[in-house]
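J.: Input: one structure, supplied below.
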Amino acid sequence: MRQTLRILRKDVRHLWPRIAVVVFLAAVYAYIEAIFPRNPMLMFAEGGCGLLLMLAAWFVVVSVIHEDRLTGNNQFWITRPYSWRSLLLAKALFILLFLNLPVLLAQIAGLAGAGLSPAHYLPKLLWRQLGFAAMSLAPVAALAAVTANLVQFAMTFLAIFAGLYALFLGMAVTVGTDALAWGSAGPVVVACQSAITSLFGVSICVLQYSRRATTAARWLVACGVVAPWIFATLVPWGAAFAVLAKRSPAVDPTAVRLSLDPARDRNAWPGGSVVRPHQDVVGISLPIHVTGIPAGMETFSERVAVTVETPGGETWSSGWDSLNAIRRSTQVSFLSKQILPGAGSPWLEANIDRSFFNKFSTTPVHLRITVAFTLLGKPTTTRLTVSNRRQPLPDDGFCYLQSNTGFPSPLCFAALRKAAEYMVRLQPLETGDVQEYESVESLQPTGTLNVFSIWERLSSGVGYKPPPSPYAVFFETRQAVAHFERVLDLQAVRLGEM
Amino acid sequence: MKRVTQVFRKDAAHLWPQILIFLAMLVLFACEDPTYTSQRNHGFPSLTNLLYLLLPLSCWLLVIALVHEETPIGHNQYWLTRPFTWTDLLAAKALFLLAFVNLPVFLCQAAVLAANGISPAGHLTDLLAKQVFFLALLVLPVAALAAVTKGLGRTILGGLLLAVPLAMTAALLAYLAPGSGWGGLAWIRASAVAAVAFGGAVVVLFLQYTRRRTALSRAVLAAAAMLVLLLWATPPWQRAFVLQSWFSTQQIDPQAVRVSFDPRHDVPLPAPASNLTPPHGTRLDIPIQVQDIPPGIEVAADWTQVQAEGGGLAPWRSGWAVNWGIRHEPTGKRWLIVFVDSDYFDRIKDASVRLHGSVDLTLFARTSSLPPDRFADLDVPGIGPCSIMKLRCLSPLPRAILAVVSGKSFLYPPANRTDDYAPYPTSPWFGPLQEYSVPAAFEGKRPVTDMALVLETPVAHIQRSFDFQSLRLADYLSADN
């Protein structure tokens, strides 16, 4: 331990200007978060500060690893009686003390400055620190451990990124970008990817510090870069959703039932099926009843798996195709169509392989349709007024309702919490007619470079066409409360009639 | 010249990995720039965001490595013992930058224009102007920073130490003085900023390569950075409008276009006025009329300056403020929007006040109308390819403005005038195209059927004064306060 502390002190003495930059940036970031949280006038400053903080953190990680370089054979420290454990521990301690701790303290200060209880949010903050260390710092430390200097590190980092991007472009051409759109199952896949990345990061560091086996470690880096994405490509969506469903509260089997709607003409489908252009498929559609949705709640139709069995025993299955879903025709936004409030006349839309369809379009077949649902809880509604001032939301949130070229645009945030869905209602006070704009938000997780903010975005901030003045604006959010599957079994149906 | 090419060849041989990485990033960005590929790359937005960051980083890595090949700092570098002159060295570095940074970016931008149906030859001056701004703002300052630091680590640290206080000060100034943008005249300020950045970087490089006076060079670099910041934060400056008026293409009679108080309409301004960040203070909407506008001309206010007198208090002056000047509604009514100091307003709101000042106006001529049904995908003259379905136009530099009209009145005036009057593009960014939204009018979820898109071109920049007597300011308090 004494040796560890000596190395730590040496690193601090050498790198204090770089540490000072990180601490200063973290302090400024905390100040903006606390006093001007997500203020539209300081958006650029906040984003820029977060970006600089991330770059500075990476810079410090690389610097501290390169202080006692691991590649090569003529470094001074190899001739000293260092134990690799002391060295590794000193580096880990340095990162913990001068990167994780300042960021954690900045987030605590941000919460306290905004009048929230840091103790209440401490588990979430610690979880975030784990994510920051695993996803942002460990991979950078691993890469630094297999490079000799900053230039080599930067070059390797950029080359890895370019290669990864090219790989994605190839995947987009071959399997389509929707293969990576995980929807609600996203958090499960991202958690697994994070675990894989951090596992590789830690393994590479241990390997390098214990044996200085640079060639083997570099191969591990290559594997570590590709493995999370191979995992994401290969893992079935259904398996990820099953994990999610297993962890969520059970839903009464009698709640949310599927049935065919015999009252609607199957040929009266309003159109809009999504056909993947590079696959030879035929779109089918069925008028569906979704009943038994608990009062005040909504369901979100995730993916749909269709299995067709012919009387001769031939079977075709779509798998969990991302383009198959139950949709309402009344909504403009693609994802909003999949929100099912109970009322309305939704259609089940699915793609069937063209050759199978042509072969059995007139044959009575057994159709087994499995639909994955997310149950959205009861709404939290807040009335907003058009103003540049911050307006509070329940559960430690707030909104700015600004005018975007005359269109009111709510920009809302909450402390360390996202909403699965939000809705904006514009209601003219004279006529009482309601314009609803619904949007699915965090069911489609989007990546961000900024992992430091305590404020999660609840709405996209787009502007909506206002009704005649005067009017009221209501902002409504819902949380995902359960994930489950329902099956619709149809015997002796003909595909050609759909 | 032989020594120049020798150094050039040596640098190219040493730095080929950096060159390769930069070119790869550039090609990836050209293929994936969300400005024109937003439909294709939605599968991995986080990677695209990262590309935005890593493309300039790869460029800077190349520039820094180039300068550090023969670092000007210190006294025991190998190249000091060789028969190099500083002109050879500087010429070789300049040649390298032109060959491996500017030329690839230029070719990439030309290819992107061609791929989007825009003739690169027709926009050659725009592309060259972009190269100048790219060099002045993204390349030379980094080269100067590399010239006064030793090693990549110190360059990064120096960059952070320079960027962090500057960025903080800029953010603070933007927060303390909102509404101090330059609107359509921003290109003049951008040009001044680029000129100072270019000049500062050139002086630093000259000092370092001729005399290796590192302390002096660092001071010059810091001073240039401060000057850039000051210029960036400069509020609207009347001389810039005078400069802009030289670009007027139509003479306007000094008696035409008069601004006067309109006592006949007392309707409050119905909608929030703008998405621009408003200046501090209490907002007043004063009903006005603009008389004797030449036929076929529309008027927009760029900057306004207001003085209030009355109530036995000292006069209050607003200073020049951007684009909150005159608001024109579809009904034909106009309002002069004024932000008055809140304390002053509280003291004077019920008194009889004289409000006078000046307004800088730009006159737009309507050049043609484009009915929306013909406008699904069209090459709009003066802008570029536009799509009403995607509600956007792509252009290296729009020289006209799209507005939505219904009958004779505006439904939605143009939202963004930032680049409206620029004779050349001022963005230093790698992408050659910018997205400009097509204003669209919707009733619920369906477009207004009788609307038309019209093209307008700025033809004159004039200044007019106004003088309103005996106003009770409390009567004109905006509902937006």
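These protein sequence lines are chains B and C, in that order.
For the first sequence, the residue numbers in my numbering are 1 to 498.
For the second sequence, the residue numbers in my numbering are 1001 to 1481.
No residue lacks a Cβ here, since even glycine has one placed at the ideal position from N, Cα and C.
#1: Would you verify that the beta carbon of C:Ala-1190 is, or is not, closer than 9 Å to some beta carbon of chain B?
#2: Counting contacts by CB-CB distance shorter than 9 Å, is B:Leu-155 in contact with chain C?
#3: Buried or exposed: C:Asp-1126, going by 16 or more other Cβ atoms within 10 Å of its Cβ?
#4: Can you pull the chain C residues whose beta carbon is under 7 Å from the beta carbon of B:Arg-303, in chain order?
#5: Quick check: what's the CA-CA separation for B:Val-304 versus B:Arg-486?
#6: Using DSSP with H/G/I as helix, E/B as strand and the rest coil, what is B:Gly-471?
#7: Would the beta-carbon of B:Tyr-29 fall within 9 Å of that of B:Phe-452?
#8: So the alpha helix (DSSP H) B:Tyr-422 belongs to, where does it begin and stop?
#9: Nearest-angstrom Cα distance between B:Tyr-209 and B:Pro-17?
#10: In or out: B:Arg-128 buried (at least 16 other Cβ within 10 Å) or exposed?
#11: Report the neighbours of B:Phe-132 on chain C: residues whose CB is nearer than 9 Å to its CB, in chain order.
#12: Have a look at the DSSP bridge pairing and note the partners of B:Leu-164.
#13: Only counting the same chain, and skipping five residues up and downstream in sequence, which positions put a Cβ closer than 6 Å to that of B:Trp-455?
#14: Using C-beta distances below 7 Å, list every residue in its chain close to B:Thr-254, excluding the 5 sequence neighbours before and after it, in chain order.
#15: Kindly indicate which residue of C:Ala-1422, C:Leu-1205, C:Pro-1428 and C:Phe-1468 has the alpha-carbon position closest to the one of C:Trp-1086.
#16: According to DSSP, simplified to helix, strand and coil, what is B:Ile-284?
#17: Look at the alpha carbon of B:Pro-294 and the alpha carbon of B:Pro-249, and state the distance between them as a whole number of angstroms.
#18: Are the CB atoms of B:Leu-495 and B:Ile-369 nearer to each other than 9 Å?
#19: In whole angstroms, give me the CA-to-CA distance for C:Ala-1273 and C:Thr-1155.
#20: Less than 9 Å between CB atoms is the rule here; does C:Ile-1156 satisfy it with respect to chain B?
#21: Between B:Phe-153 and the rest of its own chain, which residues show a CB-CB distance below 8 Å, the 5 nearest in sequence each way excluded?
#22: Check the Cβ of C:Tyr-1175 against every Cβ in chain B and list those closer than 7 Å, keeping chain order.
#23: Measuring only the C-alpha atoms, how far is C:Pro-1034 from C:Ala-1201?
#24: Anything in chain C within Cβ reach of B:Ala-148, meaning under 8 Å, just list it in chain order.
#25: Measure the Cβ-Cβ separation of C:Phe-1468 and C:Ile-1286 and say whether it is below 9 Å.
#26: Between which two residues does the beta strand (DSSP E) containing C:Tyr-1436 stretch?
#27: Got a sec, what are the start and stop residues for the alpha helix (DSSP H) B:Leu-220 sits in?
#28: Run through the DSSP bridge pairs and tell me what B:Glu-456 is partnered with.
#29: Suppose contacts are defined by Cβ-Cβ distances below 9 Å. Is B:Pro-466 in contact with B:Leu-426 by that definition?
#30: Leaving aside the five residues before and after C:Tyr-1476 along the sequence, list all residues of the same chain whose C-beta is less than 6 Å from its C-beta, in chain order.
#31: For my contact list, B:Tyr-165 and C:Leu-1047 are in at a C-beta cut-off of 8 Å; report their separation, rounded to the angstrom.
#32: Can you check whether the C-beta of C:Met-1001 is within less than 9 Å of a C-beta belonging to chain B?
#33: How many angstroms separate the CA atom of B:Ile-56 from the CA atom of C:Thr-1214?
#34: Taking the straight line between their C-alpha atoms, what separation do you get for B:Ala-263 and B:Pro-346?
#35: Suppose the cutoff is 6 Å on Cβ atoms and the five residues either side in sequence are ignored; what does the same chain contact list for B:Val-306 look like?
#36: Excluding sequence positions up to five away, which residues of its chain have a Cβ less than 7 Å from the Cβ of B:Leu-97?
T.: Quick answer:
#1: One-based indexing of the second sequence puts residue 1190 of chain C at position 190. With a threshold of 9 Å between beta carbons, C:Ala-1190 makes no contact with chain B.
#2: Within the first sequence, the letter at position 155 stands for residue 155 of chain B. A small correction: the amino acid at residue 155 of chain B is Met; Leu does not occupy that position in the sequence shown. Yes, its Cβ sits closer than 9 Å to a Cβ of chain C.
#3: In the second sequence, residue 1126 of chain C corresponds to position 126, counting from 1. Under this definition C:Asp-1126 is a buried residue.
#4: Locating residue 303 of chain B in the first sequence gives position 303, counting from the first residue. Per Cβ cutoff of 7 Å: no residues; B:Arg-303 is ~16 Å from chain C at best.
#5: Working through the first sequence from its first residue, we reach residue 304 of chain B at position 304. Working through the first sequence from its first residue, we reach residue 486 of chain B at position 486. Roughly 10 Å separates the two Cα atoms.
#6: Against the first sequence, residue 471 of chain B aligns to sequence position 471. Strictly speaking, residue 471 of chain B in this sequence is Tyr, with Gly absent from that position. In the displayed model, B:Tyr-471 falls within a strand according to three-state DSSP.
#7: The residue you call residue 29 of chain B lines up with position 29 of the first sequence. The residue you call residue 452 of chain B lines up with position 452 of the first sequence. Yes, the Cβ-Cβ distance between B:Tyr-29 and B:Phe-452 is below 9 Å.
#8: By one-based count along the first sequence, residue 422 of chain B stands at place 422. Note, B:Tyr-422: premise wrong, no alpha helix (DSSP H); beta strand (DSSP E) at 421 to 428.
#9: Locating residue 209 of chain B in the first sequence gives position 209, counting from the first residue. Locating residue 17 of chain B in the first sequence gives position 17, counting from the first residue. For the pair B:Tyr-209 and B:Pro-17, the Cα-to-Cα distance works out to about 26 Å.
#10: To locate residue 128 of chain B, count along the first sequence from 1; it is residue 128. B:Arg-128 is buried by the Cβ-count criterion.
#11: As a working mapping, residue 132 of chain B is identified with position 132 in the first sequence. By Cβ distance, chain C contributes nothing, its closest Cβ being about 16 Å from B:Phe-132, past 9 Å.
#12: Here residue 164 of chain B refers to the residue found at position 164 when the first sequence is read from its first residue. Residue pairing from DSSP leaves B:Leu-164 without any beta-bridge partner.
#13: To locate residue 455 of chain B, count along the first sequence from 1; it is residue 455. Excluding sequence positions up to five before and after B:Trp-455, its CB lies within less than 6 Å of the CB of Pro-37, Arg-38 and Phe-413, all in the same chain and listed in chain order.
#14: Taking the first residue of the first sequence as position 1, residue 254 of chain B is located at position 254. Non-local beta-carbon contacts of B:Thr-254 in its own chain, meaning distances under 7 Å to residues more than five positions away in sequence, involve Gly-292 in chain order.
#15: By one-based count along the second sequence, residue 1086 of chain C stands at place 86. Relative to C:Trp-1086, the option among C:Ala-1422, C:Leu-1205, C:Pro-1428 and C:Phe-1468 whose CA is nearest is C:Leu-1205.
#16: Locating residue 284 of chain B in the first sequence gives position 284, where the first residue counts as 1. Looking at B:Ile-284 - three-state DSSP - the assignment turns out to be strand.
#17: Counted from its first residue, the first sequence places residue 294 of chain B at position 294. Counted from its first residue, the first sequence places residue 249 of chain B at position 249. Each residue's Cα considered, the two are about 14 Å apart.
#18: Position 495 of the first sequence, counting from 1, holds the residue named residue 495 of chain B. Position 369 of the first sequence, counting from 1, holds the residue named residue 369 of chain B. No; because the gap between Cβ atoms is not below 9 Å, this pair is not in contact.
#19: Here residue 1273 of chain C corresponds to residue number 273 of the second sequence, with the count starting at 1. Here residue 1155 of chain C corresponds to residue number 155 of the second sequence, with the count starting at 1. At C:Ala-1273, the pLDDT of 42 sits below 50, so the modelled position is not reliable and the matter cannot be decided from this model.
#20: As a working note, residue 1156 of chain C is residue 156 in the second sequence. So yes, C:Ile-1156 belongs to the interface.
#21: Indexing the first sequence from 1 puts residue 153 of chain B at position 153. Val-62, His-66, Leu-143, Ala-144 and Thr-147, listed in sequence order.
#22: Here residue 1175 of chain C refers to the residue found at position 175 when the second sequence is read from its first residue. Near C:Tyr-1175 (Cβ distances below 7 Å), the residues of chain B are Met-41 and Leu-42.
#23: The residue you call residue 1034 of chain C lines up with position 34 of the second sequence. The residue you call residue 1201 of chain C lines up with position 201 of the second sequence. C:Pro-1034 and C:Ala-1201 have their C-alpha atoms spaced approximately 31 Å apart.
#24: Sequence index remark: in the first sequence, residue 148 of chain B carries index 148 (1-based). Neighbours of B:Ala-148 in chain C, taken as residues whose beta carbon is under 8 Å from its own, are absent, since the nearest beta carbon is some 12 Å off.
#25: Sequence index remark: in the second sequence, residue 1468 of chain C carries index 468 (1-based). Sequence index remark: in the second sequence, residue 1286 of chain C carries index 286 (1-based). In contact: C:Phe-1468 and C:Ile-1286 (Cβ atoms closer than 9 Å).
#26: The residue labelled residue 1436 of chain C in the question sits at position 436 within the second sequence. Its beta strand (DSSP E) spans residues 1434 to 1437.
#27: Within the first sequence, residue 220 of chain B is the residue found at index 220, counting from 1. Its alpha helix (DSSP H) spans residues 214 to 234.
#28: Counting from one through the first sequence, the residue named residue 456 of chain B turns up at place 456. Answer is B:Ala-414.
#29: Your numbering for residue 466 of chain B matches position 466 in the first sequence. Your numbering for residue 426 of chain B matches position 426 in the first sequence. Taking 9 Å as the Cβ cut-off, B:Pro-466 and B:Leu-426 qualify as a contacting pair.
#30: The residue labelled residue 1476 of chain C in the question sits at position 476 within the second sequence. If we look at C:Tyr-1476 and ignore the five residues flanking it on each side, its Cβ neighbours are Leu-1284, Asp-1285 and Ile-1286.
#31: In the first sequence, the residue the question calls residue 165 of chain B occupies position 165. In the second sequence, the residue the question calls residue 1047 of chain C occupies position 47. That pair is a contact at about 6 Å.
#32: Sequence index remark: in the second sequence, residue 1001 of chain C carries index 1 (1-based). No - not a single Cβ of chain B is within 9 Å of the one on C:Met-1001.
#33: Stepping through the first sequence from its first residue, residue 56 of chain B is reached at position 56. Stepping through the second sequence from its first residue, residue 1214 of chain C is reached at position 214. Looking at the sequence shown, residue 56 of chain B is not Ile but Ala. Going from the Cα of B:Ala-56 to the Cα of C:Thr-1214 covers about 25 Å.
#34: On the first sequence, residue 263 of chain B is found 263 positions in, with the first residue counted as 1. On the first sequence, residue 346 of chain B is found 346 positions in, with the first residue counted as 1. Separation of B:Ala-263 and B:Pro-346 (C-alpha to C-alpha, rounded to the nearest whole angstrom) is 13 Å.
#35: The residue you call residue 306 of chain B lines up with position 306 of the first sequence. The residues are Ser-318, Ala-350 and Ile-369.
#36: Residue 97 of chain B sits at position 97 when you count from the first residue of the first sequence. Excluding positions up to five away in sequence, the list is empty.
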